[in-house]
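Input: a single structure, listed below in structure tokens.
In my numbering, the protein residues as written are 1 to 95.
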């Protein structure tokens, strides 16, 4: 597995695309703040770089709520969205 430092690229982040989507959204968007250590751990577990939109959402946000939470985009977790993207299936049965 790559070190978290290898996954973080702040000069070429996919989050700029996410910002554009949020700016142009028709529905209300709420970006939940990320806790830095939790964000680093979630990014490490996922092993996706911040150059991608998925990696940048994990690293930059606790999650994103669209239209009052009808749509939830998982990030690194937040008290209002208590599991991160890599933790989402924890405890689920797999076949």
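Backbone N, C-alpha and C fix where the C-beta goes; we use that ideal spot for every residue, glycine too.
Remember, predicted model here, so these are calculated numbers, not experimental data.
Residue i in three-state terms, based on DSSP
{"i": "residue 30", "result": "strand"}
{"i": "residue 97", "result": "The shown model of the chain, from 1 to 95, leaves out residue 97, and the question about it has no answer."}
{"i": "residue 10", "result": "coil"}
{"i": "residue 72", "result": "strand"}
{"i": "residue 16", "result": "helix"}
Counterpart residues of residue i in DSSP-defined beta bridges
{"i": "residue 2", "result": "Answer by DSSP bridge pairing: none, since residue 2 is not bridged."}
Beta-carbon separation (whole angstroms), residue i vs residue j, contact threshold 8 Å
{"i": "residue 58", "j": "residue 43", "result": "5 Å"}
{"i": "residue 34", "j": "residue 53", "result": "Not confirmed; about 15 Å, so no contact."}
{"i": "residue 84", "j": "residue 74", "result": "7 Å"}
**OP:** List in chain order: all unbroken alpha helix (DSSP H) runs of 4+ residues lying wholly within the region 21-65.
**Re:** As far as the region 21-65 is concerned, its whole alpha helix (DSSP H) runs of at least 4 residues are 36-46 and 53-60.
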